[in-house]
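Take a look at the structure set out below.
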Amino acid sequence: MGVDTGGTFTDVVGADGTVVKVPSTPDDPGRAVRAGVGALAGADAGADDGRPAVLAHGTTVATNALLERRGARVALVTNRGLGDVIEIGRQDRPSLYDPFADRPDPVVARADRHEVAGRLAADGSEIEPIDPDESAALDLAGVEAVAVCLLHADLDPVHERAVGSALRGRGLDVTCSHEVSPEFREYERTVTTAVNAYLRPPCRTYLRGLDAVADDVLVMTSAGGLVPLDRAADTPAALLLSGPAGGVAAAAAVAAACGFPDAVTFDMGGTSTDVCLVRDGRPEPAAERAVAGLPVRLAALDVHTSGAGGGSIAALDPGGALTVGPRSAGAVPGPACYGLGGTEPTVTDADLAAGRLPPDTVLPGLGPVDLAAAEAALARAGVTADGVIAVVEAAMEEAVRAVTVARGVDPRSLALVAFGGAGPLHGCALADALGMPTVIVPPRAGVLSAVGMLCGERQHHVVRSRPTPTDHRGLDAERADLAAIAEAALADDPAVSGADPGVEVTTALDCRYAGQAHELRVPDVAAFAAEHRLRNGYDRLDAPIEVVAVRAVARRPAPLTIEDLPPVARVGAVGPAVIPEADCTVHVPAGWRADPGPLGALVLNRVSR
Numbered sequence: 004m005g006v007d008t009g010g011t012f013t014d015v016v017g018a019d020g021t022v023v024k025v026p027s028t029p030d031d032p033g034r035a036v037r038a039g040v041g042a043l044a045g046a047d048a049g050a051d052d053g054r055p056a057v058l059a060h061g062t063t064v065a066t067n068a069l070l071e072r073r074g075a076r077v078a079l080v081t082n083r084g085l086g087d088v089i090e091i092g093r094q095d096r097p098s099l100y101d102p103f104a105d106r107p108d109p110v111v112a113r114a115d116r117h118e119v120a121g122r123l124a125a126d127g128s129e130i131e132p133i134d135p136d137e138s139a140a141l142d143l144a145g146v147e148a149v150a151v152c153l154l155h156a157d158l159d160p161v162h163e164r165a166v167g168s169a170l171r172g173r174g175l176d177v178t179c180s181h182e183v184s185p186e187f188r189e190y191e192r193t194v195t196t197a198v199n200a201y202l203r204p205p206c207r208t209y210l211r212g213l214d215a216v217a218d219d220v221l222v223m224t225s226a227g228g229l230v231p232l233d234r235a236a237d238t239p240a241a242l243l244l245s246g247p248a249g250g251v252a253a254a255a256a257v258a259a260a261c262g263f264p265d266a267v268t269f270d271m272g273g274t275s276t277d278v279c280l281v282r283d284g285r286p287e288p289a290a291e292r293a294v295a296g297l298p299v300r301l302a303a304l305d306v307h308t309s310g311a312g313g314g315s316i317a318a319l320d321p322g323g324a325l326t327v328g329p330r331s332a333g334a335v336p337g338p339a340c341y342g343l344g345g346t347e348p349t350v351t352d353a354d355l356a357a358g359r360l361p362p363d364t365v366l367p368g369l370g371p372v373d374l375a376a377a378e379a380a381l382a383r384a385g386v387t388a389d390g391v392i393a394v395v396e397a398a399m400e401e402a403v404r405a406v407t408v409a410r411g412v413d414p415r416s417l418a419l420v421a422f423g424g425a426g427p428l429h430g431c432a433l434a435d436a437l438g439m440p441t442v443i444v445p446p447r448a449g450v451l452s453a454v455g456m457l458c459g460e461r462q463h464h465v466v467r468s469r470p471t472p473t474d475h476r477g478l479d480a481e482r483a484d485l486a487a488i489a490e491a492a493l494a495d496d497p498a499v500s501g502a503d504p505g506v507e508v509t510t511a512l513d514c515r516y517a518g519q520a521h522e523l524r525v526p527d528v529a530a531f532a533a534e535h536r537l538r539n540g541y542d543r544l545d546a547p548i549e550v551v552a553v554r555a556v557a558r559r560p561a562p563l564t565i566e567d568l569p570p571v572a573r574v575g576a577v578g579p580a581v582i583p584e585a586d587c588t589v590h591v592p593a594g595w596r597a598d599p600g601p602l603g604a605l606v607l608n609r610v611s612r
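This is the structure we're talking about:
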């Protein structure tokens with residue numbers, strides 16, 4: 004089974020294509036997971052006491068714990084003079100022209116930052132030895148977890164290992180930076196390590212609580228791959244995009260099957276919209292993600308998130324302008340039309356009032372929608388359905404431009420893959436605004452993230468910083484070494500042991516021109532100039548290229564693919580039309596035509612402007 008925990012619904016999809024949606028339970032997300040798995044197992048005549056063999060899970064627990072600051076009390080151990088790096092950060096400000104804008108507070112309080120002697124040079128050589136006894140004597144009373152981040156541990160972790168060993172000898176839960184994010188840039192590495200330590204106690208408790216739900220529990224990472232439960236529990240900072248990543252991976256597979264290896268995935272759920280660029284069938288990776296304003300340097304898909312979902316609340320600001328989101332009605336009380344006590348108008352209420360959502364729609368687990376309640380909520384707030392839709396679609400258009408136009412990619416050459424509970428309602432309007440000729444609505448679009456979990460590939464990522472970025476000698480040997488490490492780690496995965504692993508390994512380089520402060524990820528040095536020209540509009544062929552990091556990722560395809568799921572019967576239509584489905588509703592505006600496509604997808608093409 005594949006399970007995706009969303010802000011409004013928890014979706015469960017079985018290997019036979021059966022779908023169950025249950026309302027999410029924010030106070031205890033595991034309760035909804037167990038309820039959904041139990042409901043689906045009950046519908047499966049072949050279930051063995053309701054316990055699936057494999058549960059592939061996308062979770063929001065790590066994300067919510069960081070956003071709501073519900074993590075553990077963390078201590079930071081670092082070098083002398085570096086205790087405030089986590090708070091000083093970079094020069095960039097969250098809002099350039101707002102003198103009252105504040106940076107997010109660090110996850111480690113000043114009183115819990117500890118500095119120890121010992122230092123490595125920029126090439127990894129030792130300047131001052133470390134004294135493990137100093138770490139063993141630190142006052143860490145009341146601390147639940149410890150983050151260890153020492154200078155240049157990405158080049159040589161010898162000092163961190165000594166400190167980590169001394170602290171673990173005291174029975175402490177320790178995260179060392181070389182184990183989580185062995186990359187240069189001290190601020191980002193320190194924050195990533197601290198965030199992992201901060202999230203580990205609550206996420207471990209939650210994930211291990213799912214151990215009994217299935218014989219084998221796998222968890223989706225931000226990079227779009229599945230890892231064993233224990234590895235996910237040890238590195239929860241890698242789960243901050245767990246749910247969206249599954250949907251992106253599945254959407255990319257459907258787009259490629261429909262003849263569009265280049266596409267933009269558009270996932271509009273209850274609380275947010277996530278978009279991602281897909282090129283040559285692969286979602287674009289991100290070098291770094293900012294979550295709750297904090298940089299997290301772990302492998303991730305380059306998903307751009309906008310606070311615009313079906314549950315996003317519409318209101319007039321003090322100046323009388325209409326705003327939509329980022330506040331959301333969520334699962335409780337939900338949009339006004341759900342009849343669960345919500346009184347503020349949402350995008351879903353606007354879709355219902357505007358006729359995009361049929362008035363006889365019955366939502367799984369919630370019952371029929373209430374058109375009168377939606378219209379009343381809009382009227383009380385002094386907003387119109389068309390106005391709400393226009394504002395939210397403008398926000399989504401901006402998100403798509405951020406992953407296409409801003410990176411030198413023309414959206415008019417791409418297909419838009421619309422999914423999530425609300426995505427197919429807005430896909431064509433968004434494509435119209437961007438000049439995109441085709442919209443693809445995948446089969447089981449409303450639960451596609453759960454499908455992505457079910458059909459997700461196993462992955463293992465490895466990265467290594469380079470102390471001599473302008474010296475490219477030995478680069479091939481480094482790539483081969485990292486590839487072997489990644490392949491061996493995946494082969495040891497309990498989920499794949501005992502069978503032919505069929506592992507595919509790819510490598511990549513983080514490159515930049517000498518003097519630059521940002522990198523681009525490319526397959527090899529020869530590809531850097533063209534990628535730089537695409538992203539930035541120019542190249543510098545006479546400038547030396549620095550290779551600052553080498554990466555490898557091992558992948559093993561899942562035993563079950565999207566092609567293996569039973570096809571979904573789809574009905575074509577010529578717009579204007581509304582096509583209601585079990586897990587979503589497709590809006591086909593005038594000038595568009597919807598036709599059944601491969602894998603049971605619905606392919607919408609513009610027939611006139």
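The numbering of the sequence shown is this note's numbering, which starts it at 4 and goes up by one.
We put the CB at the ideal spot given by N, CA and C, even for glycine.
When DSSP states are grouped into helix, strand and coil, HIS181 belongs to the helix group.
ARG122 carries a strand assignment under DSSP once its states are collapsed to helix, strand and coil. Note on geometry: alpha-carbon atoms of PRO288 and ALA302 lie some 7 Å from one another.
Rounded to whole angstroms, the Cβ separation of GLU460 and LEU243 is 19 Å, and the two are not in contact under 8 Å. By the neighbour-count criterion, in which a residue is buried when 16 or more other Cβ atoms sit within 10 angstroms of its Cβ, SER225 is buried.
According to DSSP, residue pairing for ARG554 in a beta bridge involves VAL466, ALA511.
DSSP, read as helix, strand or coil, puts CYS279 in strand.
For LEU457, the enclosing alpha helix (DSSP H) has its first and last residue at 451 to 457.
Of the candidates THR195, PRO547, PRO286, LEU355, LEU355 places its Cα closest to the Cα of ALA379.
The C-beta distance from PRO427 to CYS261 rounds to 15 Å, too long to meet the 8 Å contact threshold. Contact between the stretch 443 to 450 and the stretch 569 to 587 is present: three or more C-beta pairs spanning the two stretches fall below 8 Å.
At the C-beta level, ALA200 and VAL77 come within 8 Å of one another. Secondary structure at PRO29: coil, using DSSP grouped into helix, strand and coil.
In the DSSP secondary-structure assignment, TYR209 is not bridged to any residue. Annotation: the continuous alpha helix (DSSP H) that includes HIS162 extends over 161 to 171.
For MET271, the uninterrupted beta strand (DSSP E) run begins and ends at 266 to 271, by DSSP. One Cα belongs to ALA375, the other to PRO440, and the distance between them is close to 36 Å. Assignment of alpha helix (DSSP H) within the stretch 46 to 131, counting only whole runs of 4 or more residues, yields 64 to 70, 88 to 91 in chain order. The shortest C-alpha to C-alpha distance from ALA114 to any of ARG96, VAL16, ALA295, ASP142 is the one to ASP142.
Contact between the stretch 564 to 581 and the stretch 526 to 538 is absent, with fewer than three C-beta pairs closer than 8 Å.
Note on geometry: alpha-carbon atoms of LEU221 and ALA236 lie some 11 Å from one another. SER128 counts as exposed, since fewer than 16 other beta carbons sit within 10 angstroms of its beta carbon. ASP87 and LEU381 have their C-alpha atoms spaced approximately 48 Å apart. Here the stretch 475 to 490 does not lie against the stretch 34 to 42, with fewer than 3 beta-carbon pairs under 8 Å apart. Here PHE422 is buried. Its C-beta has 16 or more other C-beta atoms within 10 Å. In the DSSP annotation of this structure, the continuous segment of the beta strand (DSSP E) that includes HIS307 starts and ends at 307 to 309. Between ALA489 and ALA557 a beta carbon distance of about 4 Å is seen, short of the 8 Å cut, so the two are scored as contacting. Residues of the same chain with a CB within less than 6 Å of the CB of ASP126, apart from the 5 flanking positions on each side, are PRO470 in chain order. The C-alpha of ILE316 is placed about 6 Å away from the C-alpha of VAL327. PRO298 is a Cβ neighbour of GLU191, given a cutoff of 8 Å.
For the 8 Å CB-CB criterion, PHE187 and SER611 do not form a contact. DSSP, reduced to helix, strand and coil, places ALA140 outside both helices and strands of the structure shown, so it counts as coil. Under the criterion of beta carbons closer than 8 Å, LEU602 and VAL257 qualify as touching, at roughly 6 Å.
Counting along the chain, the unbroken alpha helix (DSSP H) around PRO247 starts and ends at 245 to 260.
Distance from the CA atom of PRO29 to the CA atom of PRO560, rounded to whole angstroms, is 32 Å. Using a Cβ distance threshold of 8 Å, VAL506 and ALA487 do not count as a contacting pair.
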